[in-house]
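Take a look at the structure set out below.
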């Protein structure tokens, strides 16, 4: 996990250095309120969660989210569907991924409790038979 943080930090630093040392020699914004990054931080969190917090899993998740964002702009121009719909889809991805992890952990705890209860009842029966 630490290796993933180090590698992602190095890649982000490299990207920032290329942006600053590039053509404009400064952090160039398009004039919008969000500026350069927009919602890149949130999209990165969504990609990491969707990739199950594994460095290899985040690669296809990032490509999928990038395709969704690019497709959203094209969809807005072609069919007049708001591109903000992808933001809602990102939120749903977070909810489902976190919810599935919560259910998985709850199920594991429930299985441990039932196994513990069965062991306790078996031990109780053995003591009563003695």
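In the working numbering, the protein residues as written are 1 to 130.
Backbone N, C-alpha and C define an ideal beta-carbon position, used for all residues, glycine too.
Go ahead and label residue 90 buried or exposed: buried means 16 or more other beta carbons lie within 10 angstroms of its beta carbon, across all protein chains shown. buried
For residue 121, the three-state DSSP class (helix, strand or coil): helix
Determine, using beta-carbon pairs with one atom in the segment 53-66 and one in the segment 108-123, whether at least three such pairs fall under 8 Å. no
Give the C-beta separation of residue 12 and residue 46 to the nearest angstrom, bearing in mind that I take them to be a contact with Cβ-Cβ under 8 Å. Between residue 46 and residue 12 the Cβ distance is about 16 Å, and since that is not below 8 Å, they are no contact.
Suppose contacts are defined by Cβ-Cβ distances below 8 Å. Is residue 64 in contact with residue 86 by that definition? no
Over the uninterrupted alpha helix (DSSP H) stretch that includes residue 55, give me the two end residues. 55-79
By DSSP, does residue 39 sit in helix, in strand, or in coil? coil
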